[in-house]
Every structure is written in C-alpha cells, then in structure tokens.
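With the first letter of the sequence shown counted as 1, position 124 gets the number 124 in the numbering used here; the numbers rise by one all the way through. Just so it is clear, CB atoms sit at the ideal spot from N, CA and C, and this is done for glycine as well. Being a predicted model, the structure only gives us computed values, none of them experimental. Contents: one structure, followed by commentary.
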Amino acid sequence: MAADKKPFLFSRLQAPIQSFLRPAIWVPGLRNVHTVKEEWTIEASPGDAFDKAIEAIEEVKKQEEFVQVHMINKDSREIRLFYFTSKAQWLDIMELHFKRGLDDETAIVDARSFSSGLLPVCIPLSFVLNTVFFFFPFLDHDFNSKRLSAFRQAMGVGITLNSQCRGY
1 MAADKKPFLF SRLQAPIQSF LRPAIWVPGL RNVHTVKEEW TIEASPGDAF DKAIEAIEEV
61 KKQEEFVQVH MINKDSREIR LFYFTSKAQW LDIMELHFKR GLDDETAIVD ARSFSSGLLP
121 VCIPLSFVLN TVFFFFPFLD HDFNSKRLSA FRQAMGVGIT LNSQCRGY
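Right, dumping it as structure tokens:
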C-alpha cells in the first residue's frame, strides 16, 4: 500500500496546467473512450456527504500509489483529485460536485473521472504535446470507472448509483 508517495517533479509541476487545458476531452465522441460520468444519491445532507468524501480521500491514498488533492472547495462543495499512474505518470482527474437532493437529508453527487491527455505528464512540456495531439484517440483501460467505484466504497456510506455513462 502506498502512503504519501509523491509523483515525479515534472508531473507535479505540469499537472495543474494539464488539468486546466484538458486536451483529451476537447473532442466529443473521442473523449467517451476515456471519460466516465456518474450520478450518486447519498442518504446524508450535502455537507455531511462532502465531509465523508474528504475522509475517504485518506483511505483512497492508502490504496492508490499516487493521489494528489488538487482542490477542495467547501463553499461550492467541490473536490478535484489528481491520479498519476505509477510508472509513466499519466494524469487522470476525478471531480466530485455535491448538491442538495430532494430534501435536506439527501445529497446528489455529480462524479466524473477522465484521462487528461495522450502523453504522461512526466515528459517535459507534455501539456504542449497533449494539446497538439488532442485529436488522438486512446483508451483508459477502465481505470476511471474503477476509481469512481473505489471512491464510492471508501466513503463508507450508503450510495445509490443513479447513472453511469461514458462521456463528459
């Protein structure tokens, strides 16, 4: 199990730029092969569900080798995590948005996980190359779907998976 391992220096420096640009999701249709979107219902208030997700991050870090918290916004109840593959350091991004369900004791979560580019972020200036090759299709080998599933389990609360689809 991997606790607090850090991605390579180039990966850490380039990941925020790659996350901002997101070249792998520019083309509808092509992005569907490496993007998973889910909607969850959690029997807890949005604030409590958000807190459970923050706790789950530590559990996920124990299971995944390179996970980095990029953003936690308590006001808008948004979380963005960077997942780096262990050897080549491809960057996958998971985003969670918590909102009120039908009542105050139900939260709806829009969850998305996607691959950000064709080339790994450990390559110098990979965000430039990924921008040039934005049209090149590639598979995620189901990693994004598995990560969302693992995160749901790590939250340790009852979660209903309302929908799951490929695409943004």
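Buried is the label assigned to residue 90, since at least 16 other Cβ atoms lie within 10 Å of its Cβ. Judged by DSSP in its simplified three-state form, residue 160 adopts strand.
Per DSSP, reduced to three states, the secondary structure at residue 55 is helical.
Counting C-beta atoms within 10 angstroms of its own C-beta, residue 84 has 16 or more neighbours from the protein chains shown and is therefore classed as buried. Distance from the Cα of residue 151 is smallest, within the candidate group 14, 64, 18, 102, for 64. Between residue 160 and residue 101 a beta carbon distance of about 10 Å is seen, past the 8 Å cut, so the two are scored as non-contacting. For residue 116, no beta strand (DSSP E) run applies, since DSSP gives it neither H nor E. Minimum Cα-Cα distance from residue 97 among the listed residues 131, 108, 11 corresponds to 108.
Measuring C-alpha to C-alpha distances from residue 77 to each of 58, 61, 99 identifies 99 as the nearest.
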